[in-house]
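A.B. asks: Going down the list, the sequences are from chains A and B. According to the numbering used here, the residues represented by the first sequence are 1 to 95, in order. According to the numbering used here, the residues represented by the second sequence are 96 to 584, in order.
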Amino acid sequence: MSLSDQELKHLARLARIHVEENELNALKDQLGRVFKLIDALQAVDTKGIEPLSHSLSLSQPLREDKVTEIDSRESYQAIAPQVEKGLYIVPKVIE
Amino acid sequence: MDISSLSVKKIKQLIDSKALSAFELAGLYLQRIEKLNPELNAFITVDADKTLAQAKQLDQAIWQGESRPLMGVPLAHKDIFCAKGWLTTCGSKMLANFVAPYDAHVVEAFNRSGTITLGKTNMDEFAMGSSNETSYFGAVKNPWNLGKVPGGSSGGSAAAVAARLAPLATATDTGGSIRQPAALCGVSGLKPTYGNVSRYGMIAYASSLDQGGLMAVSAEDIAYGMNSLVGHDERDSTSVKRAEEDFTSQLNNPLKGLRIGLPEEFFKEGVDTDVAQAVEQAIQELEKLGAVRVPLKLPNTSLSVPVYYVLAPAEASSNLSRFDGVRYGHRTKDYRNLIELYEKTRAEGFGAEVKRRILTGTYVLSRGYYDAYYLQAQRVRRLILQDYLNAFEHCDVILGPSTPSVAFGFNEKTSDPVSMYLSDIFTISVNLAGLPGLSIPVGFGREHLPVGLQLIGPHFAEAKLLNVAHQYQLVSDWHQQLPAGIAQV
Numbered sequence: 001m002s003l004s005d006q007e008l009k010h011l012a013r014l015a016r017i018h019v020e021e022n023e024l025n026a027l028k029d030q031l032g033r034v035f036k037l038i039d040a041l042q043a044v045d046t047k048g049i050e051p052l053s054h055s056l057s058l059s060q061p062l063r064e065d066k067v068t069e070i071d072s073r074e075s076y077q078a079i080a081p082q083v084e085k086g087l088y089i090v091p092k093v094i095e
Numbered sequence: 096m097d098i099s100s101l102s103v104k105k106i107k108q109l110i111d112s113k114a115l116s117a118f119e120l121a122g123l124y125l126q127r128i129e130k131l132n133p134e135l136n137a138f139i140t141v142d143a144d145k146t147l148a149q150a151k152q153l154d155q156a157i158w159q160g161e162s163r164p165l166m167g168v169p170l171a172h173k174d175i176f177c178a179k180g181w182l183t184t185c186g187s188k189m190l191a192n193f194v195a196p197y198d199a200h201v202v203e204a205f206n207r208s209g210t211i212t213l214g215k216t217n218m219d220e221f222a223m224g225s226s227n228e229t230s231y232f233g234a235v236k237n238p239w240n241l242g243k244v245p246g247g248s249s250g251g252s253a254a255a256v257a258a259r260l261a262p263l264a265t266a267t268d269t270g271g272s273i274r275q276p277a278a279l280c281g282v283s284g285l286k287p288t289y290g291n292v293s294r295y296g297m298i299a300y301a302s303s304l305d306q307g308g309l310m311a312v313s314a315e316d317i318a319y320g321m322n323s324l325v326g327h328d329e330r331d332s333t334s335v336k337r338a339e340e341d342f343t344s345q346l347n348n349p350l351k352g353l354r355i356g357l358p359e360e361f362f363k364e365g366v367d368t369d370v371a372q373a374v375e376q377a378i379q380e381l382e383k384l385g386a387v388r389v390p391l392k393l394p395n396t397s398l399s400v401p402v403y404y405v406l407a408p409a410e411a412s413s414n415l416s417r418f419d420g421v422r423y424g425h426r427t428k429d430y431r432n433l434i435e436l437y438e439k440t441r442a443e444g445f446g447a448e449v450k451r452r453i454l455t456g457t458y459v460l461s462r463g464y465y466d467a468y469y470l471q472a473q474r475v476r477r478l479i480l481q482d483y484l485n486a487f488e489h490c491d492v493i494l495g496p497s498t499p500s501v502a503f504g505f506n507e508k509t510s511d512p513v514s515m516y517l518s519d520i521f522t523i524s525v526n527l528a529g530l531p532g533l534s535i536p537v538g539f540g541r542e543h544l545p546v547g548l549q550l551i552g553p554h555f556a557e558a559k560l561l562n563v564a565h566q567y568q569l570v571s572d573w574h575q576q577l578p579a580g581i582a583q584v
């Protein structure tokens, strides 16, 4: 299937990636090829087959609920684009 | 001293016998990198001061009588692994300024074993690519022919080992990113069983498929490296708990009676004749060593690429949502609100292939498509795993070409993403099934470009794969050959 301009813009908004008007056509063409590739799956009979999310049947390990990490806030925030008083700064979200 | 013929094993002997100091050895490798890297572009970051300081420290420990399994062995890390104090870019503009605040498990484990970090190797952006052409830092060139791609995504590690800029390199493999570049650059490369190597500190692409591994000249050298790499790590919830294993212990087992499974689907049309011929000759060599052929079928092989291009982008679209310009990495300059900050940051920071995969993943996970694409792909994934489990009831290892063709040219496959995706046709199903896979050089095809053979084993059969490869490498010298332009350096 191929996407309309409107659908592609919606997809880009969901993915939080800005797409310029002049990029739309090339992107539609390339994504169309990918969608055609994955459409091959539709023809496969998978009735009764359980989805496989992980190749080994592992159970999630549990551990005691105690603090094991040291506080690394300073070194983590040293590489942030904008920090003030230990807080990450973003544009105002609530007016 | 000519370092181009040094193996990990030989380096261990030289350092242990104090014939050479770690500092001297690191210096020799740094010189070689300085000479060859400007052309090859295999490394994104080299920091001689840091490398030599680490070597000096190790020398002190050696003088004090300390011994560790890989003492003084120089090593290159793929730039997907966080290494404390090192620029860690993942081949992206998004992380072009990211200095990792901590070590990945893989980096920590090797540091503990006494290796010396030579630098961080180039790669396709966020490991999405099969030619290294998606790297923000420019493509790596194939040491065998500078007009050809090295493969990807671990193209920098493969080219570094091929040009003998490092005797051992870390790499990662989500759909073939170790085995395909190893094949195209004529080196040995192992993708371990999913869960055998902790993913902690390895920048995530598709978490149910990503696995760290190694490249070296020989399978024997990889076996030494694996002893440091494998082990349970509670910081990765998919890291398996198993008894400690010595990956060198089976290397010398004879191959008499080894059952080699040859899937019909790996030898059909689509494989170039030069590749098919080299692989056939290698099978005959293995037969001389006592192996026997077992014809078999993996009927769902052709579905592995479509399954992968649903599941991997889906996981990537989720994993890469962390790159938002808030906590680290690139942030756009001008923005009026939070949404614009996100959208412009990601539009500027990600390259075209990464955007395509995030958009594909967003699409297959969106309402109305989830069942048709995502769940359907997971069901077919089970069929692919079942094919392999059935096959291993009749054989010990499965063998085929690593790639359908030898290294291709730059820009040859960039205009159609799907043609690029199909170059991983023989490697992708192995990730979907979580199996170990090893690529080794078995000769040359057109334009004297290397051909790779892939060995696939049951879960946790790495030692068996290394055994088969080592026995083959004892009676062949393809892996020891040097690219012509490199040999004179």
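Using N, Cα and C, we set each Cβ at its ideal position, and we do this for glycine too.
Does the beta-carbon of T229(B) have 16 or more other beta-carbons within 10 angstroms, so that it is buried, or is it exposed?
C.D. replies: So T229(B) counts as buried.
A.B. asks: Would a check of beta-carbon distances place K37(A) closer than 8 Å to chain B?
C.D. replies: Position check: residue 37(A) holds Leu in this sequence, whereas Lys was assumed. By this cut-off, L37(A) is an interface position.
A.B. asks: Which class does S397(B) belong to by DSSP, given the choice of helix, strand or coil?
C.D. replies: S397(B): helix per DSSP, three-state reduction.
A.B. asks: Write down every uninterrupted run of the alpha helix (DSSP H) in the segment 446-534 of chain B whose length is 4 residues or greater and which is fully enclosed by it, in chain order.
C.D. replies: For the segment 446-534 of chain B, whole alpha helix (DSSP H) runs of length 4 or above, ordered along the chain, are 447-460, 471-486, 512-516, 523-528.
A.B. asks: Around the C-beta of N432(B), are 16 or more other C-beta atoms found within 10 angstroms, so that it is buried, or is it exposed?
C.D. replies: With fewer than 16 other Cβ atoms within 10 Å, it is exposed.
A.B. asks: Which of the three DSSP states is assigned to L384(B) in this structure?
C.D. replies: It is coil, neither helix nor strand.
A.B. asks: Taking the alpha carbon of L391(B) as the point to measure from, which residue in Q568(B), V513(B), E359(B), G270(B) has its own alpha carbon closest?
C.D. replies: Here the closest residue by C-alpha is E359(B).
A.B. asks: Does DSSP classify M310(B) as helix, strand or coil?
C.D. replies: Note: M310(B) maps to strand in three-state DSSP.
A.B. asks: According to DSSP, is F221(B) helix, strand or coil?
C.D. replies: Helix at F221(B).
A.B. asks: Helix, strand or coil for F138(B) per DSSP?
C.D. replies: It is a strand residue.
A.B. asks: K336(B) by DSSP, collapsed to three states: which one?
C.D. replies: DSSP places K336(B) in coil when its eight states are reduced to three.
A.B. asks: Considering only C-alpha positions, which residue in the set V335(B), L381(B), V387(B), A318(B) is nearest to G352(B)?
C.D. replies: Nearest option by C-alpha distance: V387(B).
A.B. asks: Just the chain B side, please: which residues come within less than 8 Å of I70(A) by C-beta, in chain order?
C.D. replies: Result: empty, since nearest Cβ-Cβ is about 11 Å, beyond 8 Å.
A.B. asks: Beta strand (DSSP E) containing Q549(B): first to last residue?
C.D. replies: Unbroken beta strand (DSSP E) run through Q549(B): 545-551.
A.B. asks: Does the segment 102-121 of chain B come into contact with the segment 172-183 of chain B, if we say contact requires no fewer than three beta-carbon pairs (one atom in each stretch) closer than 8 Å?
C.D. replies: They do not touch, by the three-pair rule.
A.B. asks: Would you kindly report the start and end of the unbroken beta strand (DSSP E) that includes K215(B)?
C.D. replies: 211-216 is the extent of the beta strand (DSSP E) around K215(B).
A.B. asks: Counting only the same chain and skipping the five closest in sequence on each side, list residues whose C-beta sits under 8 Å from that of D65(A).
C.D. replies: Taken in chain order, the list of residues that qualify is empty.
A.B. asks: Is DSSP giving H327(B) helix, strand or coil here?
C.D. replies: Note: H327(B) maps to coil in three-state DSSP.
A.B. asks: Exposed or buried, which one is Q155(B) when buried takes at least 16 other CB atoms within 10 Å?
C.D. replies: By the neighbour-count rule (16 or more Cβ atoms within 10 Å), Q155(B) is not buried but exposed.
A.B. asks: In chain B, which residues lie with their C-beta within 8 Å of the C-beta of V31(A)?
C.D. replies: Residue 31(A) is actually Leu in this sequence, not Val. What L31(A) touches in chain B: R451, L454, T455, Y458.
A.B. asks: Nearer than 7 Å: is that true of the beta carbon of D5(A) relative to any heavy atom of the ligand MG?
C.D. replies: Of the ligands one can find in the structure shown there are none, so the ligand MG has no counterpart to examine.
A.B. asks: Along chain B, which residues have their Cβ under 8 Å away from the Cβ of Q42(A)?
C.D. replies: In chain order: A467, Q471.
A.B. asks: Under 7 Å Cβ-Cβ, which residues of chain B neighbour E84(A)?
C.D. replies: What E84(A) touches in chain B: nothing, since even the nearest Cβ is about 13 Å away.
A.B. asks: Between the Cα of F555(B) and the Cα atoms of Y197(B), I355(B), K336(B), which residue gives the shortest distance?
C.D. replies: When only C-alpha atoms are compared, the closest one is K336(B).
A.B. asks: Could you pull the start and end residues of the beta strand (DSSP E) that D268(B) belongs to?
C.D. replies: Element bounds for D268(B): 263-268.
A.B. asks: Would you kindly check if the distance between the Cβ of V168(B) and the Cβ of T212(B) is under 8 Å?
C.D. replies: No; because the gap between Cβ atoms is not below 8 Å, this pair is not in contact.
A.B. asks: Expressed to the nearest angstrom, what Euclidean distance is found between the alpha-carbon atoms of V202(B) and N22(A)?
C.D. replies: If I take the Cα positions, the gap works out to 43 Å.
A.B. asks: Whose CA, out of R451(B), V525(B), L460(B), lies closest to the CA of H18(A)?
C.D. replies: Of the candidates R451(B), V525(B), L460(B), the one whose C-alpha sits nearest the C-alpha of H18(A) is R451(B).
A.B. asks: What are the uninterrupted segments assigned as alpha helix (DSSP H) that are 4 or more residues long and contained completely in the segment 238-303 of chain B, given in chain order?
C.D. replies: For the segment 238-303 of chain B, whole alpha helix (DSSP H) runs of length 4 or above, ordered along the chain, are 250-257, 274-280.
A.B. asks: Using the three-state DSSP reduction, which class does I128(B) fall into: helix, strand or coil?
C.D. replies: Of the three classes helix, strand and coil, the one that applies to I128(B) here is helix, per DSSP.
A.B. asks: Would G529(B) count as contacting chain A if we go by Cβ distances under 8 Å?
C.D. replies: Answer yes: the Cβ-Cβ gap between G529(B) and chain A drops below 8 Å somewhere.
A.B. asks: Give a yes or no on whether the minimum CB-CB distance between Y231(B) and chain A is below 8 Å.
C.D. replies: It does not; no Cβ of chain A falls within 8 Å.
A.B. asks: For L560(B) and P536(B), which I take to be in contact (beta-carbon distance under 8 Å), what is that distance rounded to the nearest angstrom?
C.D. replies: About 15 Å separates the two Cβ atoms, so there is no contact after all.
A.B. asks: Name the two residues that bound the continuous alpha helix (DSSP H) containing K105(B).
C.D. replies: Here the alpha helix (DSSP H) through K105(B) covers 103-111.
A.B. asks: On the premise that L115(B) lies in contact with A143(B), defined as a C-beta separation below 8 Å, what is that separation, rounded to the nearest angstrom?
C.D. replies: Rounded, the Cβ-Cβ distance is 18 Å, inconsistent with contact.
A.B. asks: So what does K173(B) bridge to, in DSSP terms?
C.D. replies: DSSP output for K173(B) lists T216(B) as bridge partner(s).
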